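What follows is one structure encoded as structure tokens, with my remarks underneath.
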Amino acid sequence: MSILKDEFPVAAMDFVAAGEASGKIKRMLKKLGVNINVVRRVSIACYEAEINLVIHSRGGKILLEVDEDKLTLITRDVGPGIPDIPLAMREGYSTASDDVRMMGFGAGMGLSNMARNSDRFHIESQVGVGTEITMGFDL
Amino acid sequence: MKIREILRVLDARLVWGEPLLEEEVATACASDMMSDVLAFSKEHTILLTGLINPQVLRTADMLDIRCVVFVRGKQPNQEIVDLAREYDVAILSSGWTLYEASGKLYESGLKVE
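Now the structure itself:
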């Protein structure tokens, strides 16, 4: 039985709203009394994931599930998919446009930063279908 | 170092954040790239940046950053001020460049832990 389960839609290219879902999740976790160091790691990983959904995907959602001993964040999008995951994971590699860089993103640190901040990180992607990232955190 | 002192060292203008002036900060992070701030910043840091958009405040919120200094004389618009108030983040505007502002704070004792 999970303590909390929720999902948050994320629209493609909506820079004004980008980060709102992560902010909501952060406040929910603080209210639940989750350890602040864990909240910080979840917030960073979630925000990176949300920014990725906004700048790279055709839209998607973030699913949050909190159990007694672990927290799971899943992002699921509807494409375009990542052709080469090891390359996408490499620090400094980015396919972001100049517009995205003007916003302060697209340094090629997102996926590796998600992996670094989570206790478990799994990514699956199929070109033309979509990408699913699962991040686990111990509580 | 208190935010009040940062305001003085950087000859900055307090755009919003009167209730936060006595908050203590341990270090600073200077970058126009929010991706790098997310990947490299430490706890209890302030953020110095020449980038001015709502994502700067959202990044600050995610990292529990209590003070953002906009350098090169940049003035935040009302949308940014509203977000600062909502997230409880002090915002300062300083005429110094990113390099100069960083140097002044470092010289005043705000080092990297």
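Going down the list, the sequences are from chains Y and X. Numbering follows this note's numbering, in which position 49 of the first sequence is assigned residue number 49; successive positions increment by one, without gaps. For this note's numbering, add 139 to where a residue sits in the second sequence, where the first one is 1. In this text, a Cβ means the ideal position worked out from N, Cα and C, and glycines have one as well. Predicted model, so just to flag it, every value in this text is computed and none were measured.
Neighbours of X:Asn192 across chain Y, judged by C-beta separation under 9 Å: Phe15, Met102, Met103, Gly104. For Y:Pro9, the uninterrupted beta strand (DSSP E) run begins and ends at 4 to 10, by DSSP.
Within chain Y, the C-beta atoms nearer than 8 Å to that of X:Leu202 come from Arg40, Ser43, Ile44, in chain order.
Taken in chain order, the complete alpha helix (DSSP H) segments of 4 residues or longer contained in the region 184 to 212 of chain X are 193 to 201. By the Cβ neighbour-count rule, X:Phe179 is exposed, with fewer than 16 other Cβ atoms within 10 Å of its own.
Per DSSP, the continuous alpha helix (DSSP H) segment holding X:Glu144 begins and ends at 142 to 148. Under DSSP, Y:Val66 takes part in a beta bridge, and its partners are Y:Leu4, Y:Leu71.
Here Y:Asn37 is exposed, its C-beta having fewer than 16 other C-beta atoms within 10 Å. The DSSP-derived three-state label of Y:Gln126 is strand.
When rounded, the separation of the alpha-carbon atoms in X:Met172 and X:Leu190 is 8 Å. Y:Val127 and Y:Pro83 have their C-alpha atoms some 6 Å from each other. Annotation for X:Ala229: the continuous beta strand (DSSP E) segment containing it runs 229 to 232. Partner residues in a beta bridge of X:Phe179, as assigned by DSSP, do not exist. Residue state for X:Asp171 is assigned as coil, using DSSP reduced to three classes.
Residues Val220, Ala223, Arg224, Ala229, Ile230 of the same chain have their beta carbon placed closer than 7 Å to that of X:Trp155, with the five preceding and five following residues left out of the count. Taking C-beta separations shorter than 7 Å and ignoring five residues to either side along the sequence, the partners of X:Val148 in its chain run Lys243, Leu244, Ser247, following chain order.
Apart from the 5 residues on each side of it in sequence, Y:Val39 sits with its Cβ closer than 8 Å to the Cβ of Lys26, Leu29, Lys30 in its chain, given in chain order.
Annotated as proximal: Y:Met89 and Y:Ser112, with beta-carbon spacing under 8 Å. If you draw a straight line from the Cα of Y:Gly92 to the Cα of X:Val195, it comes to about 20 Å. No Cβ of chain X is located within less than 8 Å of the beta carbon of Y:Met1. Here Y:Leu139 has Val34, Asn35, Val38, Val66, Asp67, Glu68, Asp69, Lys70, Leu71 as same chain residues with Cβ atoms under 8 Å from its own Cβ, once five neighbours each way along the sequence are excluded. Its chain contains Ser22, Ile25, Ile62, Leu73 as the residues whose beta carbon lies nearer than 7 Å to that of Y:Cys46, once the 5 sequence neighbours on both sides are disregarded; these appear in chain order. Chain-order list of chain X residues neighbouring Y:Lys24: empty, with the shortest C-beta distance near 11 Å, by a criterion of under 8 Å. Y:Glu132 has Y:Arg76, Y:Glu124 as its beta-bridge partners, per DSSP.
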